[in-house]
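See below for the structure under consideration.
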Amino acid sequence: MKDIRKAAGTSETVKTTMVLPKGLWKAAKIRAVEEDADLNGVVIAALAAYVKVKPKRREEGA
């Protein structure tokens with residue numbers, strides 16, 4: 219299993235609580251197990267990918 223914190227470029231962490239749809243949580247947990255990862259690492263990777271994408275600029279008046 220990779221140290222996902224190194225991939226994210228930090229060793230500093232924050233503990234938080236999230237409310238997720240049960241089906242999404244279960245599917246993510248199953249996939250993490252299949253990939254020999256933990257769910258925390260999956261969430262970190264997903265959030266890291268999300269923040270890298272720049273949002274499209276909204277047009278004025280939209």
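Each residue of the sequence shown is one higher than the one before, starting from 219 at the first, in this note's numbering.
We put the beta carbon where it would ideally sit given N, CA and C, even for glycine.
Everything numeric in this text was worked out from a predicted model, so none of it was measured.
Relative to the C-alpha of residue i, which candidate in the options has its C-alpha closest?
| i | options | result |
| --- | --- | --- |
| V237 | V251, K272, V261 and Y268 | V261 |
By the three-class DSSP mapping on this structure, what secondary structure does residue i have?
| i | result |
| --- | --- |
| L238 | coil |
| A255 | coil |
| K274 | coil |
| K233 | coil |
Closer than 6 angstroms by C-beta to residue i: which residues in its own chain qualify, once you throw out the five before and the five after it? Chain order, please.
| i | result |
| --- | --- |
| K247 | L257 |
Going by beta carbon distance, what residues of the same chain come within less than 8 angstroms of residue i, once the five residues before and after it are set aside?
| i | result |
| --- | --- |
| V269 | none |
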